[in-house]
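Participant: One structure is given below, represented as structure tokens, and several questions about it will come after.
If you want it as structure tokens, here you go:
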């Protein structure tokens with residue numbers, strides 16, 4: 286069902302946050318099961334050089350606690366590889382990406398729907414050896430086809446693989462350059478001189494990845510955590526298998542959870558003044574019997590006014606915090622509730638789309654406008670790095 | 015405000031009463047059946063509610079509630095919010111070992127991790143245990159029922175030398191400061 290909104294007043298919604306406290310237990314004698322609790326407010330920052338010493342004593346206390354406490358989650362004890370879920374982001378600036386990146390290559394990336402996966406760091410991947418990688422991958426695909434394993438025999442004649450570098454997408458000097466892969470082949474019944482068609486394309490990228498993590502990697506590893514693919518699943522599997530064999534990496538599916546979809550919705554709505562988003566469409570799935578899908582389309586001006594009213598609460602211009610994003614979505618949900626008495630927070634957000642792009646919960650993304658590519662890719666790179674097993 | 019009070023009624027002999035509060039009303043039925051089937055020695059009464067406050071009409075006939083369990087499904091935001099608003103209708107006496115949080119689909123990939131973190135923070139601030147349960151398989155339901163029964167028997171005073179407050183200092187949820195996001199900038 287569709288709902289077109291005209292105008293509505295902004296409604297403040299505050300979320301309840303629990304108190305932040307750190308409890309430390311000192312056990313006198315384990316036999317007595319008596320614990321003295323000491324409260325400490327964790328407001329000061331732990332200095333980086335002392336953190337290691339602190340960790341050792343904490344782990345000792347943790348092990349003492351673990352023998353009497355039944356429930357506690359283990360936390361990553363690695364100082365360098367712990368990643369943080371970001372609570373605020375920079376506001377996206379419209380930048381003319383064609384200044385940095387070749388416009389033909391930009392055209393390859395936009396206006397297509399990509400399926401996302403994450404990939405662990407690649408061992409001894411050299412950007413200089415792309416030609417040999419192309420030959421190796423095409424030989425691998427031919428050999429797999431001859432084994433009769435992967436592809437239906439007889440449809441394609443031969444595969445030609447093309448590895449190329451897309452320069453200019455990397456934001457910091459720690460990001461590796463984007464690698465674009467294309468698989469071309471000739472159809473069996475095509476004309477003799479017809480050019481081979483692209484049957485599959487994919488790209489590996491890292492945009493503004495977490496600097497601590499990238500610095501902590503050993504030198505032989507190249508981190509390109511985001512892998513976008515488009516094409517038949519059989520070819521995707523073949524490419525992944527070859528990568529896993531050659532560079533000792535692991536692939537996995539990357540879904541975009543509801544928080545990140547909300548981030549994308551807010552970031553795209555925030556771009557409305559500079560480029561007309563034309564609509565803001567959100568799709569929820571409600572767990573009713575039978576499951577109900579709700580498509581909620583908002584007029585762009587109303588969406589922008591709501592977003593702008595959330596933004597006025599914040600003083601800094603440049604960064605957007607998660608509270609504004611949740612407030613924005615809550616405003617939309619409460620308006621829907623007032624009209625239909627259906628609380629959308631009982632369901633899960635599946636898809637959002639605007640004229641600037643669309644994104645689905647299962648890991649599909651489509652970027653329609655080249656202006657905001659770096660922001661979107663940065664968000665997706667963060668998702669990939671968080672999802673990746675460290 | 016009609017608060018649910020822990021000690022305003024007399025306990026029954028060899029009886030334990032548990033209240034399962036869940037907004038979606040799907041897991042509590044299965045859990046209730048399993049809890050009643052599992053326990054052979056003690057009379058267990060399971061009462062189900064969607065949210066607090068409980069209706070005034072049953073006030074007289076309702077027995078003393080020994081343990082209140084809030085079931086939160088992490089797949090929906092509404093579940094957590096409804097549990098939070100229900101907390102206001104509990105007398106503070108309940109938070110000394112008579113409240114427990116039960117969370118489902120914590121391992122689910124599509125659940126944003128921030129939700130589990132906020133549930134943990136809530137449970138830690140109230141000094142209550144947080145249990146994770148698997149509600150799709152029968153073994154998961156049985157395990158959850160078993161754990162709830164263990165806590166229930168202590169909260170109802172049926173285990174010698176152990177009280178709810180005493181057990182809660184051992185089983186309460188804690189949030190190590192590393193999970194607190196803003197600390198490590």
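Chains as they are written, first to last, in the numbering used here: chain A, 286 to 675; chain B, 15 to 199.
Ideal placement from N, C-alpha and C gives every residue a C-beta, glycine not left out.
Predicted, not measured: the structure shown is a model, and the values here were computed from it.
In terms of residue numbering, what span does the alpha helix (DSSP H) encompassing residue 158 of chain B cover?
Facilitator: Taking the second chain and counting its residues from 1, the one referred to as residue 158 of chain B is at position 144. Taken as a continuous stretch (DSSP letters only), the alpha helix (DSSP H) holding residue 158 of chain B covers 152-169.
Participant: Using only alpha-carbon positions, find the residue among A/449, A/451, A/425 that is nearest to residue 443 of chain A.
Facilitator: The sequence position of residue 443 of chain A within the first chain is 158, counting from 1. With distances taken between Cα atoms, residue 443 of chain A lies closest to A/425.
Participant: In terms of residues, what are the limits of the beta strand (DSSP E) holding residue 538 of chain A?
Facilitator: Counting from one through the first chain, the residue named residue 538 of chain A turns up at place 253. Residue 538 of chain A -> beta strand (DSSP E) spans 536-538.
Participant: Taking only three categories from DSSP, how would you classify residue 130 of chain B?
Facilitator: Taking the first residue of the second chain as 1, we reach residue 130 of chain B at position 116. Three-state DSSP puts residue 130 of chain B in a helix.
Participant: In angstroms, rounded to a whole number, what distance separates the CA positions of residue 196 of chain B and residue 605 of chain A?
Facilitator: As a working mapping, residue 196 of chain B is identified with position 182 in the second chain. As a working mapping, residue 605 of chain A is identified with position 320 in the first chain. Note that residue 196 of chain B scores 42 on pLDDT, short of 50, meaning its location in the model is unreliable; the coordinates nonetheless yield the value given after this. Cα to Cα, the separation comes out at about 15 Å.
Participant: Terminal residues of the continuous beta strand (DSSP E) containing residue 238 of chain A?
Facilitator: Residue 238 of chain A lies beyond the stretch modelled for chain A, which goes from 286 to 675, so this question has no answer here.
Participant: Could you tell me if residue 75 of chain B is buried or exposed, where buried requires 16 or more neighbouring beta carbons within 10 angstroms of its beta carbon?
Facilitator: Within the second chain, residue 75 of chain B is the residue found at index 61, counting from 1. The residue in question, residue 75 of chain B, is exposed, as its Cβ has fewer than 16 Cβ neighbours within 10 Å.
Participant: Helix, strand or coil for residue 498 of chain A per DSSP?
Facilitator: As a first step, residue 498 of chain A must be located in the first chain, where it is residue number 213. Residue state, collapsed to three classes: helix.
Participant: Could you tell me how far apart the beta carbons of residue 155 of chain B and residue 48 of chain B are, in whole angstroms, since I believe they sit closer than 8 Å?
Facilitator: Here residue 155 of chain B refers to the residue found at position 141 when the second chain is read from its first residue. Here residue 48 of chain B refers to the residue found at position 34 when the second chain is read from its first residue. With a Cβ gap of about 5 Å, residue 155 of chain B and residue 48 of chain B count as contacting.
Participant: Hey, is residue 280 of chain A's beta-carbon within less than 8 Å of any beta-carbon in chain B?
Facilitator: Residue 280 of chain A lies beyond the residue range present for chain A, which begins at 286 and ends at 675; the question has no answer from this structure.
Participant: Applying the criterion that 16 or more other CB atoms from any shown protein chain within 10 Å of the CB defines a buried residue, is residue 495 of chain A buried or exposed?
Facilitator: Taking the first chain and counting its residues from 1, the one referred to as residue 495 of chain A is at position 210. By the neighbour-count rule (16 or more Cβ atoms within 10 Å), residue 495 of chain A is buried.
Participant: Taking Cβ positions, are residue 487 of chain A and residue 515 of chain A nearer each other than 8 Å?
Facilitator: As a working mapping, residue 487 of chain A is identified with position 202 in the first chain. As a working mapping, residue 515 of chain A is identified with position 230 in the first chain. Against a cut-off of 8 Å, the Cβ pair of residue 515 of chain A and residue 487 of chain A comes out as a contact.
Participant: When you check each C-beta in the stretch 64-93 of chain B against every C-beta of chain A, which residues fall closer than 8 Å?
Facilitator: The residues in question are 89, 90, 91, 92, 93.
Participant: Looking only at its own chain, which residues have a Cβ that is under 7 Å from the Cβ of residue 141 of chain B, when we skip the five neighbours before and after it?
Facilitator: Here residue 141 of chain B refers to the residue found at position 127 when the second chain is read from its first residue. Excluding sequence neighbours, residue 141 of chain B sits near 109, 182, 186.
Participant: Mind reading off the beta-carbon distance from residue 536 of chain A to residue 446 of chain A? Whole number of angstroms is fine, and I expect it under 8 Å.
Facilitator: On the first chain, position 251 is the one that residue 536 of chain A refers to. On the first chain, position 161 is the one that residue 446 of chain A refers to. About 18 Å separates the two Cβ atoms, so there is no contact after all.
Participant: Could you tell me the boundaries of the alpha helix (DSSP H) in which residue 547 of chain A lies?
Facilitator: For the purposes of this step, residue 547 of chain A is identified with residue 262 of the first chain, where counting begins at 1. Unbroken alpha helix (DSSP H) run through residue 547 of chain A: 543-555.
Participant: Closer than 8 Å is the cut-off here; do at least three beta carbon pairs connect the stretch 508-522 of chain A with the stretch 564-580 of chain A?
Facilitator: No, the stretch 508-522 of chain A does not touch the stretch 564-580 of chain A.
Participant: Can you give me the Cβ contacts of residue 534 of chain A inside the same chain, cut-off strictly under 8 Å, excluding the 5 residues immediately before and after it?
Facilitator: Translated into positions along the first chain, residue 534 of chain A becomes position 249. Result list for residue 534 of chain A: 404, 405, 406, 407, 408, 528, in chain order.
Participant: Taking CB distances under 8 Å as the criterion, tell me whether residue 95 of chain B reaches chain A.
Facilitator: Locating residue 95 of chain B in the second chain gives position 81, counting from the first residue. Chain A contact via Cβ: present.
Participant: Taking only beta-carbon atoms, is residue 106 of chain B less than 8 Å away from chain A?
Facilitator: In the second chain, residue 106 of chain B corresponds to position 92, counting from 1. Cβ-Cβ to chain A under 8 Å: no for residue 106 of chain B.
Participant: Verify the contact flag: residue 82 of chain B, CB atom, against every heavy atom of the ligand SAM, threshold strictly below 7 Å.
Facilitator: Annotation note on the ligand SAM: not contained in the displayed structure, which lists no ligands.
Participant: DSSP puts residue 592 of chain A in a beta bridge; with which residues?
Facilitator: Along the first chain, read from residue 1 onward, the residue named residue 592 of chain A stands at position 307. Answer by DSSP bridge pairing: none, since residue 592 of chain A is not bridged.
Participant: Anyone know if the C-beta pair for residue 696 of chain A and residue 522 of chain A falls short of 8 Å?
Facilitator: Any question about residue 696 of chain A goes unanswered here, given that chain A covers just 286 to 675.
Participant: Buried or exposed: which applies to residue 480 of chain A, given that a residue is buried once 16 or more other Cβ atoms fall within 10 Å of its Cβ?
Facilitator: Translated into positions along the first chain, residue 480 of chain A becomes position 195. Classification for residue 480 of chain A: exposed.
Participant: Are the CB atoms of residue 547 of chain A and residue 466 of chain A nearer to each other than 8 Å?
Facilitator: Stepping through the first chain from its first residue, residue 547 of chain A is reached at position 262. Stepping through the first chain from its first residue, residue 466 of chain A is reached at position 181. Contact flag unset, no.
Participant: With DSSP as the reference, please indicate the residues paired to residue 408 of chain A in a beta bridge.
Facilitator: As a working note, residue 408 of chain A is residue 123 in the first chain. Beta-bridge pairing links residue 408 of chain A to A/506.
Participant: Do residue 160 of chain B and residue 119 of chain B have their beta-carbon atoms positioned less than 8 Å apart in this structure?
Facilitator: For the purposes of this step, residue 119 of chain B is taken as residue 105 along the second chain, with counting starting at 1. For the purposes of this step, residue 160 of chain B is taken as residue 146 along the second chain, with counting starting at 1. Contact flag unset, no.
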